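As you go down the protein sequences, you meet chains A and B in turn.
If you want my numbering, it's the 1-based position in the first sequence plus 219.
If you want my numbering, it's the 1-based position in the second sequence plus 219.
Protein chains: 2
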Amino acid sequence: MPAAPATLVEIIAAKRDGAPGDPAAIERLVAALMSGELADYQMAAWLMAVFFRGLSDAETVALTDAMLRSGQVLDLSRVPGIKVDKHSTGGVGDKVSICLAPLVAACGVPVPMVCGRGLGHTGGTVDKLEAIEGFRAQLDASDFAAIVERVGCCMIGQTAEIAPADKRMYALRDVTATVECIPLIVASILSKKLAEGIDALVLDVKVGRGAFMKDAGAARALAEALVRVGTRAGKKVVALLTDMDAPMGVAVGNAIETAEAFDVLAGGGPADVVECTLALGAEMLVLGGKATDTAGARAALRAAIASGAGARVAERMIEAQGGDPRVVADRARLARAAEAIVVVAPRDGTVARVDALAVGLAAVAMGAGRSRADQPVDPAVGILVEKRPGDGVRAGEPLARLLVRDRSAALPIAERVRAAFTIDDAPPAPRPLVLDRIDDRSSTPAAGSG
Amino acid sequence: MPAAPATLVEIIAAKRDGAPGDPAAIERLVAALMSGELADYQMAAWLMAVFFRGLSDAETVALTDAMLRSGQVLDLSRVPGIKVDKHSTGGVGDKVSICLAPLVAACGVPVPMVCGRGLGHTGGTVDKLEAIEGFRAQLDASDFAAIVERVGCCMIGQTAEIAPADKRMYALRDVTATVECIPLIVASILSKKLAEGIDALVLDVKVGRGAFMKDAGAARALAEALVRVGTRAGKKVVALLTDMDAPMGVAVGNAIETAEAFDVLAGGGPADVVECTLALGAEMLVLGGKATDTAGARAALRAAIASGAGARVAERMIEAQGGDPRVVADRARLARAAEAIVVVAPRDGTVARVDALAVGLAAVAMGAGRSRADQPVDPAVGILVEKRPGDGVRAGEPLARLLVRDRSAALPIAERVRAAFTIDDAPPAPRPLVLDRIDDRSSTPAAGSG
């Protein structure tokens, strides 16, 4: 008898048994999920088998491609130049996209950016942008392309048309304990990013307490896999491994983070937000062919800050997306809850640590984030983290300020924010923001089967 | 904050991560599956995690117990004596239950037996019994108990009320490549058997080409796990590891297997069927307290054959279940397809091997078995395997006979049956029927987590 094509159960069994990688089988599986031939419980079993057996890079490329092709792929061919996007694996206080995209666009590299919403302790760029009066994050594909072409950048939310197979699979992973699996994370991230019609991608893989990856080894493995698979999928990809142990910058919340990003465009902003913006932006300019090295790229970005070119692109983008562009110059127009609870230092010393996870969860509890995907967020509330690791403090000096609607309801949360600070006698060892840089020459092959 | 009870996703993640065994979590999972709180895809992910991580014996006991308690547990307290059943992991030509239960009952040990239907290459006792005109395998619990009490044995099919959680989980395992997992097999078998209200159980774990376990190591591991877990669940359990490389006996089919079992009750029958019946029956009599050792038990069983006591119990049981009891003495009353295709030896030599899997699949193709659970079976068709490993043959001498409805349709199947025979010059090494015996003193601890 001629060998029959593998059944769907045989495909699951082959992965379970660690058979050599089979990209065609993965393409078949995703198509069967979308057609209804493969049941959710079969996909769930396969996902758990992948958790144990991994995927080869060729399989991860096939999964990325199948998820990407399950929906709309944006056509940005009308936009001249090398289109470059940035993706962050998520952190607390990470508002970098909001200043980064306009700055990079101001330097001549088009940035088509599809952003996420906050979930769990990590915030989302879409929620932050929607703190701008009138801003519309849900645009159709042709408006998106037109704004990228005219303004240089456009920032929208995920649409139902982009990578629906990823949505189905992510929803399953979320309830079947199969989220924490590098090849599945890689395919999920890349399928959505590649659907934007980009040519190159800079990844900000965060590591530490406030990151999805708490462990440096796992973060590095994710960064390497993203670079390898993205490169095999035909894109130019660079990843930076960046510190997310303490919250980034001062502001943790929606409107206050947007304001802080605009501070950067105005030449101010906290040092770590500025540095992260310059480090990521420099990679984007080099990939986009607008700088030959990162030193030159940094100089161009600084010039775009100094000249106000970045701020002007931000204003034009916000205006094109229905928002009030005056917020870029006049941050006081952004919502800000009136009541403040001040959290003070219990003793003299040096801030040894600020637990980003604890701060992020406190912000969720205040209404700035969501624990379920269908919850609304309050743009006006948030936490100002006024002391950072390494800062000296005196007993009674403010550590953080909670911007709240209702003081008494927020008092237990203030206690949690206070507990997020560790005050010590000796200053902590300094931690660099950018821990490592990975490109297609520095990543090592996959450990997955096949 | 006090530790919150684990969520269902956390229970899946704990198994995924190889956390110490948690019997309470398993109880919770099965209850949640039956209440609808746990989705099928979550159970599928857990099952795949169990495939990789295993279950501790305490977890397997908890799973068995939870599946058992998901349905009706038969109450046989009105039946005096130690109730003993036998379970076989399934083979080709295994009709032993049909002569075994009446013989053991004739020796004074009550046998409440819930039997399976054929699926894939293995036959099922219910299908074989239903070849008897009028025989009803679907009885309610009180009729079942009454017949066991009055006759000494009763043989019925699985009911919807027995272990519905096992049915749900087995249906999922079947389509998610999680069938081949020892603790899941153990819990599935034991939950159904313990629901019969038995005190002791003899297991016939088959090994070889025609068995579910093709490998002796895996079969032994399954037998040991069944004994360990069954013992922990409070039952007396013994397992025999028996050879299932060639089909058992001569007949492979429904009515012809039933006839062959009655041959044994009449003092005849193929030597391997007789030996398997005596070996398993001896264990049952010892567990049932009607013999002090297997030698004495064998003598009692032989006496029950010689006196016709076993045949009389079979007649009474069949009559009580609505069937025609005359078939026990007059096997010609059983259906038998009229057309025979004779498969002959292509050369002189010795039969080295008869591939039980190939013969079993040929029988399914003829209509004697089913490849899907909802297919009907034809009681009258089957294969008579006339030569066994070790038998000398001459070219042109019959190896097997196919009893078919339609000769021309069956010719390709006859070719498959011929190919199941390997004829060699030298005789094969003799294989004992009973390869090993495992009781609660000979089994080793579980390798599963926790």
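All C-beta atoms, glycine included, are put in the ideal place defined by N, C-alpha and C.
Here the structure is a predicted model, which means the values were calculated and not measured.
The residue among A:Thr477, A:Pro649, A:Arg451, A:Met467 with its C-alpha nearest the C-alpha of Lys425 of chain A is A:Met467. With its beta carbon at least 9 Å from every one in chain A, Gln594 of chain B lies outside the interface. For Lys305 of chain A, the uninterrupted beta strand (DSSP E) segment begins and ends at 303 to 307. Beta-bridge annotation (DSSP): Gly472 of chain A is paired with A:Gly601. In the three-state scheme derived from DSSP, where H, G and I count as helix and E and B as strand, Phe363 of chain B is classed as helix. For the stretch 544 to 562 of chain A, there are no residues whose beta carbon sits under 7 Å from a beta carbon of chain B. In this chain, the beta strand (DSSP E) harbouring Pro617 of chain B covers 617 to 623. Only residues of its own chain outside the window of five on either side were considered, and among them Ala350, Ala474, Pro598, Ala599 have a CB closer than 7 Å to the CB of Ala554 of chain B, listed in chain order. In this structure, DSSP gives Leu420 of chain A an extended state, which the three-state scheme calls strand.
Within the DSSP bridge table, the entry for Cys372 of chain B names B:Val330 as partners.
Residues Leu227, Leu257 of the same chain have their beta carbon placed closer than 8 Å to that of Ala251 of chain A, with the five preceding and five following residues left out of the count.
With the rule of 3 Cβ pairs closer than 8 Å, the stretch 531 to 541 of chain A does not count as touching the stretch 588 to 608 of chain A. Around the CB of Asp236 of chain A, fewer than 16 other CB atoms lie within 10 Å, so the residue is classed as exposed.
Within chain A, the residues Leu227, Val228, Ile231, Ala258, Tyr260, Gln261, Ala264 have their CB atoms less than 9 Å from the CB of Val394 of chain B, given in chain order. Identification of chain B residues near Phe270 of chain A by a Cβ-Cβ cut-off of 7 Å yields Arg235, ordered along the chain. Bounds of any beta strand (DSSP E) do not take in Leu338 of chain B, whose DSSP letter is neither H nor E. Counting only the Cα atoms, Val471 of chain A lies some 23 Å from Ala435 of chain A. Straight-line measurement puts the Cα of Ala645 of chain B at about 26 Å from the Cα of Ile602 of chain B.
Counting other Cβ atoms within 10 Å of its Cβ, Gln540 of chain A reaches 16 or more and is therefore classed as buried. Boundaries of the beta strand (DSSP E) harbouring Ala458 of chain A: 455 to 462, taken from the DSSP string. Under the Cβ distance rule, Met267 of chain A counts among the residues neighbouring chain B, one pair being separated by less than 9 Å. Under the criterion of beta carbons closer than 8 Å, Gly529 of chain A and Ala277 of chain A do not qualify as touching, at roughly 40 Å.
The residues Val333, Cys334, Gly335, Arg336, Val345, Ala356, Gln357, in chain order, have a CB closer than 8 Å to that of Gly376 of chain B in the same chain once the five nearest residues on each side in sequence are set aside. The C-beta distance from Ala379 of chain B to Val249 of chain B rounds to 17 Å, too long to fall under 8 Å, and the pair is not in contact. Put simply, the CB of Leu580 of chain B is far from chain A, with every gap to its CB atoms at 9 Å or more.
Secondary structure of Ile317 of chain A (DSSP, three-state): helix. For the options B:Asp543, B:Arg550, B:Leu621, B:Glu616, the alpha carbon positioned closest to that of Val583 of chain B is the one of B:Leu621. Any Cβ of chain B closer than 9 Å to the Cβ of Leu391 of chain A would place that residue at the interface, and such an atom is present. The contact set of Thr397 of chain A on chain B, defined by CB atoms closer than 7 Å, consists of Ala264 in chain order. Judged by pairs of C-beta atoms under 8 Å, the stretch 269 to 276 of chain A touches the stretch 398 to 416 of chain A, as three or more such pairs exist. A direct Cα-to-Cα measurement between Val492 of chain A and Ala480 of chain A gives close to 8 Å. From the listed residues A:Thr341, A:Glu558, A:Ile642, A:Leu420, the smallest Cα separation to Ala629 of chain A is found for A:Glu558. In this structure Pro651 of chain A is in contact with Asp462 of chain A, their Cβ atoms being roughly 7 Å apart against a cut-off of 8 Å. Under the three-state reduction of DSSP output, Val547 of chain B falls in the coil class, being neither helix nor strand. Residue pairing from DSSP places Thr569 of chain A in a beta bridge opposite A:Gly611, A:Asp643.
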